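What follows is one structure encoded as structure tokens, with my remarks underneath.
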Amino acid sequence: MGASFSLSLNKKIGFLFTLTAGVTLLGAWFHETPGVLLGTTAIIITNLACAAFVFRAALANLHETILTLRKIGWGDYTARVDATKNPDLAVINDMAKMLADRDSHITQRAYQTAVLREISERISESLTTEEILEITAGSLQKIVPYSTVSYIIINPDGTATLKCHLEDSVNKRFAEEAKKKMLFAIESVTGMHIPEEKIRTTYFGNIFDETARDHVRSFFNVPMVIDRKLVGIINVASLKPGLYTEPAVSILYNIVEHAGATIGKIRAIVAHESQKVDSMLASITDGVIMASTAGEMLVMNNKAQKILRLAEHQESMLDVIHSLYGIFDLRGAMDEVTRTKIEKSFPEISLEHAFYKITASPVLNSNNEIYAVAFVLSDITHEKEIDAMKSEFISTTSHQLRTPLSSMKWFLEMLLGSDLGTINEKQKEVLTDIYNSNERIITLVNDLLDVSRIESGKITLEPTPTNLVEFIRSMLPETNTMFKKRKQEFSFEYPEAMPRVAVDPKLIWQVLQNLLTNASKYTPENGKVTMTLSLEPDHVLLKVVDNGFGIPEFQKHRIFEKFFRADNVAKSDGTGLGLYIARQIAEASGGKLWFESTEGKGTTFFLTLPLLGSAPQKVIRPASF
Amino acid sequence: MENEYTTIIAAIIRKHIDVMGPTVALSIAQKIPTIKVAQNGDVLSLTGDPKTALVQVTQAYASFAGSISDMIVESVLAAHPDISLDE
Numbered sequence: 244m245g246a247s248f249s250l251s252l253n254k255k256i257g258f259l260f261t262l263t264a265g266v267t268l269l270g271a272w273f274h275e276t277p278g279v280l281l282g283t284t285a286i287i288i289t290n291l292a293c294a295a296f297v298f299r300a301a302l303a304n305l306h307e308t309i310l311t312l313r314k315i316g317w318g319d320y321t322a323r324v325d326a327t328k329n330p331d332l333a334v335i336n337d338m339a340k341m342l343a344d345r346d347s348h349i350t351q352r353a354y355q356t357a358v359l360r361e362i363s364e365r366i367s368e369s370l371t372t373e374e375i376l377e378i379t380a381g382s383l384q385k386i387v388p389y390s391t392v393s394y395i396i397i398n399p400d401g402t403a404t405l406k407c408h409l410e411d412s413v414n415k416r417f418a419e420e421a422k423k424k425m426l427f428a429i430e431s432v433t434g435m436h437i438p439e440e441k442i443r444t445t446y447f448g449n450i451f452d453e454t455a456r457d458h459v460r461s462f463f464n465v466p467m468v469i470d471r472k473l474v475g476i477i478n479v480a481s482l483k484p485g486l487y488t489e490p491a492v493s494i495l496y497n498i499v500e501h502a503g504a505t506i507g508k509i510r511a512i513v514a515h516e517s518q519k520v521d522s523m524l525a526s527i528t529d530g531v532i533m534a535s536t537a538g539e540m541l542v543m544n545n546k547a548q549k550i551l552r553l554a555e556h557q558e559s560m561l562d563v564i565h566s567l568y569g570i571f572d573l574r575g576a577m578d579e580v581t582r583t584k585i586e587k588s589f590p591e592i593s594l595e596h597a598f599y600k601i602t603a604s605p606v607l608n609s610n611n612e613i614y615a616v617a618f619v620l621s622d623i624t625h626e627k628e629i630d631a632m633k634s635e636f637i638s639t640t641s642h643q644l645r646t647p648l649s650s651m652k653w654f655l656e657m658l659l660g661s662d663l664g665t666i667n668e669k670q671k672e673v674l675t676d677i678y679n680s681n682e683r684i685i686t687l688v689n690d691l692l693d694v695s696r697i698e699s700g701k702i703t704l705e706p707t708p709t710n711l712v713e714f715i716r717s718m719l720p721e722t723n724t725m726f727k728k729r730k731q732e733f734s735f736e737y738p739e740a741m742p743r744v745a746v747d748p749k750l751i752w753q754v755l756q757n758l759l760t761n762a763s764k765y766t767p768e769n770g771k772v773t774m775t776l777s778l779e780p781d782h783v784l785l786k787v788v789d790n791g792f793g794i795p796e797f798q799k800h801r802i803f804e805k806f807f808r809a810d811n812v813a814k815s816d817g818t819g820l821g822l823y824i825a826r827q828i829a830e831a832s833g834g835k836l837w838f839e840s841t842e843g844k845g846t847t848f849f850l851t852l853p854l855l856g857s858a859p860q861k862v863i864r865p866a867s868f
Numbered sequence: 007m008e009n010e011y012t013t014i015i016a017a018i019i020r021k022h023i024d025v026m027g028p029t030v031a032l033s034i035a036q037k038i039p040t041i042k043v044a045q046n047g048d049v050l051s052l053t054g055d056p057k058t059a060l061v062q063v064t065q066a067y068a069s070f071a072g073s074i075s076d077m078i079v080e081s082v083l084a085a086h087p088d089i090s091l092d093e
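Going down the list, the protein sequences come from chains A and B. So for the first sequence, my numbering puts the first residue at 244; every next one is plus one. So for the second sequence, my numbering puts the first residue at 7; every next one is plus one.
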């Protein structure tokens with residue numbers, strides 16, 4: 244203020260000097276008096292010097308004023324300058340006020356934008372009422388001063404959660420007073436009284452100062468409404484009186500109103516989507532169960548409840564596990580899928596005269612982390628019945644065909660062996676063609692019978708301790724003819740020492756024979772086929788390697804399906820059943836059968852058999868449909 | 007009838023005082039030119055059309071506080087079925 248008065252005084256003195264000198268100079272010029280003119284000019288020069296001094300003082304004052312404004316702020320400056328006592332300052336006073344208002348407005352807008360942005364960003368990650376109130380309350384310092392800021396959340400079960408941040412060291416009574424104001428507001432709007440014992444209160448920030456005597460001198464509440472329901476209230480309280488103005492509070496109301504409306508909209512969208520999912524789950528004919536990796540039931544549709552014969556209220560994982568006790572190890576399946584993150588089909592189960600196929604799939608979040616496992620129980624009773632009829636038909640037909648085919652084979656061998664008289668070359672050629680065709684039909688019938696027997700559970704493993712090297716070498720002459728005929732190079736490599744392994748030699752040979760026949764059949768003439776036997780820590784490994792046509796990439800996943808034949812070998816002989824049968828035998832023997840292949844370069848089939856041996860009397864059943 | 011409007015307006019202001027706090031709630035009400043409001047929310051005087059005053063009060067609060075104000079007004083008006091804010 245002192246600076247401003249000195250500015251005014253200097254201006255007045257400068258003006259007086261300049262006015263006096265100006266009048267004198269005009270008179271001198273007018274009367275053309277040289278002495279007076281000289282004297283007056285001297286006065287003017289003096290006055291100009293004074294004016295320069297005044298101007299410098301004015302600049303210094305302005306600089307000082309700006310520094311003062313920066314230091315104390317526009318608002319305070321305006322308050323300190325009394326324009327009525329000093330009319331010269333009215334303009335600067337108005338400007339300061341305008342700038343102060345604009346500054347405050349920009350600060351408030353920036354705060355509102357920052358809080359809304361934070362809320363919008365966090366809304367994508369399951370934003371709760373508590374989070375919104377926490378964000379808003381946590382950023383209040385930027386807009387209003389306070390001693391405490393608290394928020395209370397009304398829980399659906401009638402309890403409440405209250406958090407109070409102590410900015411100042413107030414006494415406990417002060418915080419209690421703030422709490423009462425929120426509870427009173429809740430009761431006023433909803434009529435709901437929340438007793439003290441149902442409120443979980445947390446205080447943080449500063450510590451209580453029980454020596455403090457002050458009470459709440461100014462406060463305001465900001466209620467949060469979602470879907471026309473009061474869900475929480477923020478309370479801002481201060482030791483200072485008359486602190487909260489309407490504009491500052493208005494911003495908080497805008498933020499909370501906007502956030503509440505946004506959450507309401509999101510909840511409506513989620514509810515709508517959830518309803519669609521519920522309708523879909525209710526309408527599908529499969530039973531669906533989804534459980535979190537922590538073992539919490541997330542989804543179970545009506546069909547699943549019906550399949551498991553659960554009552555309406557029985558919706559827990561314990562109920563499901565109990566209903567499948569001794570039939571299906573649900574927890575084990577969950578653990579397996581959680582560990583491997585791979586979908587898995589489990590052997591069929593039988594419940595109440597019906598058969599179900601169970602498929603378990605991992606449910607991943609956006610970070611590719613598994614958080615749940617979904618089980619689908621598909622009723623395959625009808626398929627099972629059809630399959631049983633088909634197997635029965637194939638079995639009966641195959642048996643009926645086998646007898647005449649065997650007779651034909653026997654008679655053809657007699658004819659070709661000239662047991663029934665001499666035949667000429669032309670006749671021999673024709674009879675050989677018939678014999679080969681008959682052989683193909685016999686192979687097909689045998690394969691069909693094997694499939695039929697596997698699917699009806701009529702093949703049982705009979706493992707015996709077997710020296711695999713000797714056994715395979717004894718059987719190789721059967722296949723050597725085939726390789727020689729196609730001018731292919733075949734070798735069998737094996738270790739010098741190999742323990743006996745309990746396997747069903749007849750069935751294992753069926754697998755190897757299939758792999759070797761395929762290797763020969765799908766490798767061009769002059770190609771190379773190698774079979775190696777090696778000992779691994781807990782199993783033996785048989786590899787059949789060829790440099791043949793290979794399996795097309797897009798058909799690899801179907802290679803073990805029944806009747807499937809890859810496009811690049813479809814013209815050659817084959818039923819498409821051999822690998823299906825081979826895999827059933829390998830898996831029933833406790834081993835595995837898989838392959839690696841590059842089209843145009845060749846294929847390697849891998850067969851493992853456990854060193855501990857195959858389980859005796861195990862019935863071979865298809866792993867899945 | 008005017009008394010009833012005065013009662014309703016006072017009830018609305020008092021409820022807003024309970025919920026928002028007195029400073030802000032009174033500040034909003036005191037801006038309505040046709041009513042004079044006491045510190046406890048009572049309406050000391052009402053000039054002009056009482057229904058217009060009621061509409062002005064409800065609009066002022068709704069514009070400031072949004073949903074919560076709507077809820078307060080609805081709860082107060084529920085006790086006065088013959089009074090409506092509609093034209």
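Note that the Cβ used here is the ideal one computed from N, Cα and C, for glycine as well. Given the structure is predicted, the values throughout are model-derived calculations rather than measurements.
Under the DSSP definition of a beta bridge, which residues are partnered with residue i?
i, result
"A:Phe733", "A:Val772"
"B:Leu52", "B:Ile41"
"A:Thr391", "A:Leu409, A:Ala480"
"A:Ile613", "A:Leu607"
"A:Tyr446", "A:Cys407"
"A:His556", "Note: A:His556 sits in no beta bridge, so no partner."
"A:Ile220", "Summary: the structure shown does not reach residue 220 of chain A, with chain A confined to residues 244 through 868, and so no result is reported for it."
"A:Asn464", "A:Asn478"
"A:Thr707", "A:Val746"
Closest by CA to residue i, which one among the options?
i, options, result
"A:Phe733", "A:Pro748, A:Glu626, A:Glu516, A:Lys764", "A:Lys764"
"A:Gly475", "A:Leu659, A:Thr404, A:Phe735, A:Glu635", "A:Thr404"
"A:Val465", "B:Ser73, B:Val63, B:Val61", "B:Ser73"
"A:Gln756", "A:Ser717, A:His408, A:Gly793", "A:Ser717"
"A:Ile386", "A:Asp400, A:Phe427, A:Leu486, A:Lys441", "A:Leu486"
"A:Thr372", "A:Lys424, A:Met577, A:Pro590, A:Val468", "A:Val468"
"A:Ser877", "A:Lys730, A:Phe571, A:Asn610", "Look at the range of chain A in this structure, 244 to 868, and you will see that residue 877 of chain A is not part of it."
"B:Asn9", "B:Ala71, B:Ser81, B:Ser69, B:Leu50", "B:Leu50"
"A:Glu591", "A:Thr624, A:Thr846, A:Thr402", "A:Thr624"
"B:Val82", "B:Asp55, B:Ala59, B:Thr64", "B:Thr64"
"A:Val459", "A:Asn449, A:Ser526, A:Lys483", "A:Lys483"
"A:Asp457", "A:Glu489, A:Ser431, A:Glu420", "A:Glu420"
So, is residue i buried or exposed, given that buried needs 16 or more other C-beta atoms within 10 angstroms?
i, result
"A:Val492", "buried"
"B:Arg20", "buried"
"A:Ala825", "buried"
"B:Thr12", "buried"
"A:Asp662", "exposed"
"B:Asp24", "buried"
"A:Asp693", "buried"
"A:Val266", "In this predicted model, A:Val266 has a pLDDT of only 44, less than 50, meaning its place in the structure is not dependable; the value taken from the coordinates is given anyway. Result: exposed."
"B:Met26", "buried"
"A:Thr528", "exposed"
"A:Glu779", "exposed"
"A:Gly793", "buried"
"A:Pro647", "exposed"
"A:Leu607", "exposed"
"A:His565", "exposed"
Examine the Cβ distances between the region 812–826 of chain A and the region 732–740 of chain A and report whether three or more of them are shorter than 8 Å.
The answer is no - the region 732–740 of chain A does not touch the region 812–826 of chain A, with fewer than three Cβ pairs under 8 Å.
Within the chosen definition, does the region 30–45 of chain B reach the region 426–443 of chain A through at least 3 CB pairs nearer than 8 Å?
Too few Cβ pairs lie closer than 8 Å, so no.
Positions along the region 11–30 of chain B whose CB lies within less than 7 Å of some CB in chain A:
So the close ones are Lys21, Asp24, Val25, Met26, Gly27, Thr29, Val30.
Short-range partners of chain B found in the region 445–467 of chain A, where Cβ spacing is below 9 Å:
Those would be Ser461, Phe462, Phe463, Asn464, Val465, Pro466, Met467, in chain order.
Answer yes if the region 593–600 of chain A comes into contact with the region 610–623 of chain A, meaning at least three C-beta pairs across the two stretches below 8 Å, and no otherwise.
Judged by pairs of C-beta atoms under 8 Å, the region 610–623 of chain A touches the region 593–600 of chain A, as three or more such pairs exist.
May I ask you to verify whether the region 378–395 of chain A touches the region 405–420 of chain A, counting CB pairs closer than 8 Å and requiring at least 3?
Contact holds: three or more Cβ-Cβ distances are below 8 Å.
Inter-stretch contact (C-beta, 8 Å, three-pair minimum) for the region 531–547 of chain A and the region 631–638 of chain A:
No, the region 531–547 of chain A is not in contact with the region 631–638 of chain A.
Cβ-based contacts, 7 Å cut-off: residues of the region 787–808 of chain A near chain B
Close to chain B, meaning a Cβ-Cβ distance shorter than 7 Å, is no residue of the region 787–808 of chain A at all.
Short of 9 Å Cβ to Cβ, which residues in the region 52–75 of chain B face chain A?
Listed by position, the residues of the region 52–75 of chain B near chain A (Cβ gap below 9 Å) are Phe70, Ala71, Gly72, Ser73, Ile74.
Short-range partners of chain A found in the region 29–45 of chain B, where Cβ spacing is below 8 Å:
So the close ones are Thr29, Val30, Ser33, Ile34.
Closer than 9 Å, Cβ to any Cβ of chain B: which residues of the region 562–574 of chain A, in chain order?
Under the 9 Å Cβ criterion, the region 562–574 of chain A contributes no residue.
Members of the region 409–429 of chain A that neighbour chain B once the beta carbon cut-off is set at 7 Å:
For the region 409–429 of chain A, which is checked against every Cβ of chain B, the residues closer than 7 Å are Phe427, Ala428.
Would you call the region 493–501 of chain A and the region 513–524 of chain A touching, i.e. three or more CB-CB distances under 8 Å?
Inter-segment contact for the region 493–501 of chain A and the region 513–524 of chain A is absent: fewer than three beta-carbon pairs are separated by less than 8 Å.
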